[in-house]
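Going by my numbering, the first residue of the sequence shown is number 927, and it counts up by one from there. Think of the CB as a built atom: it goes at the ideal place given N, C-alpha and C, for glycine as much as any other residue. Everything below concerns the one structure shown next.
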Amino acid sequence: MSKTERIAVLGSTGSIGTQTLDVVRAYPDRFSIEILTAWNQADLLIEQALEFMPNMVVIGNDAHYEKVKEALSNTDVKVFAGMSSVADAACCSTVDTVVTALLGAAGLRPTVSAIQAGKKIALANKETLVSGGELVCRLARENKVPILPIDSEHSAIFQCLAGEAGNKVEKIFLTGSGGPFRGQKTAQLQDVKPHQALKHPTWHMGKKISTDSATLMNKGLEMIEAHWLFGISPADIEVVIHPESIIHSMVSFADGSVKAQLGLPDMRLPIQYALTFPQRLPMDLPRLDLTALGSLHFEKPDTDTFRCLALAYRAIGKGGNMPCIMNAANEVAVQAFLEERISFTAIADLIEKAMDNVAFIASPNLEQLEETDRESRRFCMEKL
927 MSKTERIAVL
937 GSTGSIGTQT
947 LDVVRAYPDR
957 FSIEILTAWN
967 QADLLIEQAL
977 EFMPNMVVIG
987 NDAHYEKVKE
997 ALSNTDVKVF
1007 AGMSSVADAA
1017 CCSTVDTVVT
1027 ALLGAAGLRP
1037 TVSAIQAGKK
1047 IALANKETLV
1057 SGGELVCRLA
1067 RENKVPILPI
1077 DSEHSAIFQC
1087 LAGEAGNKVE
1097 KIFLTGSGGP
1107 FRGQKTAQLQ
1117 DVKPHQALKH
1127 PTWHMGKKIS
1137 TDSATLMNKG
1147 LEMIEAHWLF
1157 GISPADIEVV
1167 IHPESIIHSM
1177 VSFADGSVKA
1187 QLGLPDMRLP
1197 IQYALTFPQR
1207 LPMDLPRLDL
1217 TALGSLHFEK
1227 PDTDTFRCLA
1237 LAYRAIGKGG
1247 NMPCIMNAAN
1257 EVAVQAFLEE
1267 RISFTAIADL
1277 IEKAMDNVAF
1287 IASPNLEQLE
1297 ETDRESRRFC
1307 MEKL
């Protein structure tokens, strides 16, 4: 029997984090939880810690430190606080695999720390590669660290590429449901409210990613992530709207063959595959019945209405710290929309202003990327 794989879940209280723990529950002899981290959800973090008894937990918001420490005082679980402790935990010597399920650009430094410590990365935090893809991928190569994708689309591409080493990829088709406003035009979106944007038609996700799906920024972020993960030119990554969310992505090869990965929309499948690759372990999930579906549909995205996707292509085309500027601006804009401080259509406006005004750096290091993130956020907050 292989040894138990010791896992750190960065962002254990979010959607990906909680579903990662579902996978661990299903295979307690295969996995053990070494570290759990959360930002604000202290109660859930405490509950998870009491169930899995990790070596340590980290609460990012140190205002909750005493509460977590007191709740776990009768256990052997070590309690730390602050984002610097999250980065320290990511490179802990007792960890084999780091699941990066943190929200937004906060995932960049902990992921870099884990890579530099030689940890296998199971990546759900797409903003890490959007903000610092060149740096992260270079460090992964230098440290011989595998980055296994958890996003359903990137997992699909990864699976389609298995066994295809040396075969030229012609194009990647990155599929997306189109979100709750598919088919609508700008005039119809002026008065959209947050609760409408959060009604994703096929996936159950957090507020940030649901809003990104509604604006199609999520597809833009995934396009940039796919570029870095698989070394494919953005010009050869085509976003295709596929409302049923059954084909999770496709790869076209030089001979014209197209491989696709299909499955019902359930994030536990790509999470488990990332943790068990190259093995496929049984999962107690509903099975796909194509005859019940009857038909699948595909269409081009409307980038005139959903401008965030076009902005993402512009950002990766410029390179340097431009995707970082875009990502930070998007995080501020989405939060402002969720707080009803700006309109749905103003999200793209604010991002574009940041991209036009925040200082460009052609080859940024980690510290410059972090300063770019801060500067872009400052600019956007001033514009709100």
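Taking DSSP as the reference, what is the three-state secondary structure of residue i?
{"i": "residue 1133", "result": "helix"}
{"i": "residue 1213", "result": "coil"}
{"i": "residue 943", "result": "helix"}
{"i": "residue 1226", "result": "coil"}
{"i": "residue 1187", "result": "strand"}
{"i": "residue 1280", "result": "helix"}
{"i": "residue 1303", "result": "helix"}
{"i": "residue 933", "result": "strand"}
{"i": "residue 927", "result": "Because the pLDDT of residue 927 is 41, which lies under 50, any placement of that residue in the model is unreliable, and the question is left without a value."}
{"i": "residue 1007", "result": "strand"}
{"i": "residue 1308", "result": "helix"}
{"i": "residue 980", "result": "coil"}
{"i": "residue 1041", "result": "helix"}
{"i": "residue 1111", "result": "coil"}
{"i": "residue 1026", "result": "strand"}
Whole angstroms is fine: what's the gap from residue i's alpha carbon to residue j's?
{"i": "residue 991", "j": "residue 998", "result": "11 Å"}
{"i": "residue 961", "j": "residue 1115", "result": "42 Å"}
{"i": "residue 1167", "j": "residue 1107", "result": "12 Å"}
{"i": "residue 1136", "j": "residue 1234", "result": "14 Å"}
{"i": "residue 1222", "j": "residue 1163", "result": "21 Å"}
{"i": "residue 1154", "j": "residue 996", "result": "43 Å"}
{"i": "residue 1291", "j": "residue 1072", "result": "21 Å"}
{"i": "residue 1113", "j": "residue 1229", "result": "14 Å"}
{"i": "residue 1172", "j": "residue 1002", "result": "44 Å"}
{"i": "residue 1042", "j": "residue 1065", "result": "7 Å"}
{"i": "residue 1149", "j": "residue 1032", "result": "20 Å"}
{"i": "residue 1197", "j": "residue 1051", "result": "12 Å"}
{"i": "residue 1005", "j": "residue 1017", "result": "16 Å"}
{"i": "residue 1132", "j": "residue 930", "result": "30 Å"}
Anyone know if the C-beta pair for residue i and residue j falls short of 8 Å?
{"i": "residue 1231", "j": "residue 1119", "result": "no"}
{"i": "residue 1259", "j": "residue 1251", "result": "no"}
{"i": "residue 1227", "j": "residue 1142", "result": "yes"}
{"i": "residue 1201", "j": "residue 1023", "result": "yes"}
{"i": "residue 1012", "j": "residue 963", "result": "yes"}
{"i": "residue 1101", "j": "residue 1191", "result": "no"}
{"i": "residue 1036", "j": "residue 1103", "result": "no"}
Just to confirm my understanding: we take residue i, look at its own chain, exclude 5 residues before and 5 after, and list those with CB closer than 6 Å. What are they?
{"i": "residue 1288", "result": "1246"}
Within a Cβ cutoff of 7 Å, which residues of the same chain sit near residue i, ignoring the five residues on either side of it in sequence?
{"i": "residue 1283", "result": "1305"}
{"i": "residue 1195", "result": "1189, 1209, 1211"}
Could you pull out every residue in the same chain whose Cβ sits closer than 8 Å to the Cβ of residue i, ignoring the five residues on either side in sequence?
{"i": "residue 1093", "result": "1179, 1180"}
> Should the region 1015-1031 be regarded as contacting the region 943-955, the criterion being three or more beta carbon pairs within less than 8 Å?
Replying inline: Touching, yes, given that three or more Cβ pairs across the two stretches are closer than 8 Å.
>> I'd like to know if the region 1144-1159 and the region 1268-1277 are in contact, where contact means that at least 3 CB-CB pairs between them fall below 8 Å.
In response: Using a C-beta cut-off of 8 Å, the region 1144-1159 makes no contact with the region 1268-1277, since fewer than three inter-stretch Cβ pairs fall below that distance.
> Does the region 1173-1180 touch the region 1079-1087, meaning 3 or more C-beta pairs lie closer than 8 Å?
Replying inline: Note that the region 1079-1087 touches the region 1173-1180; at least 3 beta-carbon pairs, one per stretch, sit closer than 8 Å.
> Touch check for the region 975-987 and the region 950-966: three-plus C-beta pairs under 8 Å?
Replying inline: Judged by Cβ distances under 8 Å, the region 975-987 makes contact with the region 950-966, as three or more pairs qualify.
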